[in-house]
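Take a look at the structure set out below.
Below is the structure:
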């Protein structure tokens, strides 16, 4: 550990992992909400084509996408956020689409449409607030998955570059001295476990 303070690095790594996870989930939320809203509101061929694209993106393994992004753009916080977000929006898009299909033919939406409300107003003011509950729940549940994905990528050396710590890189460094200093593995692993439990 080069004489570094393990306690400080664990908490700094926790902050870095959470920053990346929250930012990635926020990007997922924005892209997925817009994409799903367009699919659910317009329907027909637009929905058919866009959802087939979504399904193709969803079938690509997350590790492969993240690895290619990091190899192309280099290590860094911004790259990690993009790598985690470039596939994660598909789940949000499918959820939002389902909510828009559920609400778009409700009486209050049809009444607002009859009074001349435009598509953006109908989508943003009349449907999205009613669909906010499941979307927020999905976003909160996506955070621990993003934390775990970031930790895994950092563990295999594809995460935030040294000397900036993350929980995964701390576990990777601690593995080489596991027999002598098992506590160096224990604390990052414990923090990851507590984060997963807390969000769930």
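Residue numbers (the numbering used here): 804 to 1003.
In this text, a Cβ means the ideal position worked out from N, Cα and C, and glycines have one as well.
Checklist entry - Where does residue 808 sit, in a helix, a strand or coil, going by DSSP? => result Of the three classes helix, strand and coil, the one that applies to residue 808 here is coil, per DSSP.
Item to check | Rounded Cβ spacing between residue 857 and residue 896 (contact assumed at less than 8 angstroms) | outcome: Cβ atoms of residue 857 and residue 896 come within 8 angstroms of each other, at about 5 angstroms.
Next on the checklist: If you reduce the DSSP assignment to three classes, tell me which class residue 758 lands in.
Outcome noted: Because residue 758 is not part of the residues shown, which for the chain are 804 to 1003, the question remains open.
Item to check | Limits of the unbroken alpha helix (DSSP H) element including residue 920 | outcome: From DSSP, residue 920 is part of no alpha helix (DSSP H); its letter is neither H nor E.
Next on the checklist: Looking only at its chain, what residues have a beta carbon closer than 6 angstroms to the beta carbon of residue 888, apart from the 5 residues adjacent to it on each side?
Outcome noted: When the five nearest sequence neighbours on each side are left out, the beta carbons in the same chain lying within less than 6 angstroms of the beta carbon of residue 888 are those of 827, 830, 831, in order along the chain.
Next on the checklist: With a threshold of 7 angstroms on Cβ separation, who are the neighbours of residue 998 within its own chain once the five nearest residues in sequence on each side are excluded?
Outcome noted: For residue 998, where only same-chain residues beyond five positions count, the Cβ hits under 7 angstroms are 947, 950.
Checklist entry - Between the Cα of residue 994 and the Cα atoms of 971, 928, 918, 850, which residue gives the shortest distance? => result Closest option to residue 994, Cα to Cα, is 971.
Item to check | Simplified DSSP assignment, three categories, for residue 1003 | outcome: DSSP places residue 1003 in coil when its eight states are reduced to three.
Checklist entry - What are the start and end residues of the alpha helix (DSSP H) that includes residue 878? => result Neither: residue 878 is in no alpha helix (DSSP H) and is coded neither H nor E.
Item to check | Separation of residue 938 from residue 914, as counted between CA atoms | outcome: Taking the Cα positions, residue 914 is about 25 angstroms away from residue 938.
Next on the checklist: Spatial neighbours of residue 968 within its chain, please: C-beta separation below 6 angstroms, excluding the five flanking residues on both sides.
Outcome noted: Excluding residues within five positions, the ones whose Cβ falls inside 6 angstroms are 812, 815, 816.
Item to check | DSSP three-state assignment for residue 1019, whether helix, strand or coil | outcome: Nothing can be reported for residue 1019, as the shown portion of the chain is limited to 804 through 1003.
Item to check | Segment limits, alpha helix (DSSP H) that includes residue 976 | outcome: That run of the alpha helix (DSSP H) goes 970 to 978.
Next on the checklist: Quick check on the DSSP output: the alpha helix (DSSP H) that includes residue 942 runs from which residue to which?
Outcome noted: Its alpha helix (DSSP H) spans residues 935 to 958.
Checklist entry - According to the neighbour-count rule (16 or more other Cβ atoms, all chains shown, within 10 Å of its Cβ), is residue 1013 buried or exposed? => result No answer is possible for residue 1013: it lies beyond the span of the chain, which begins at 804 and ends at 1003.
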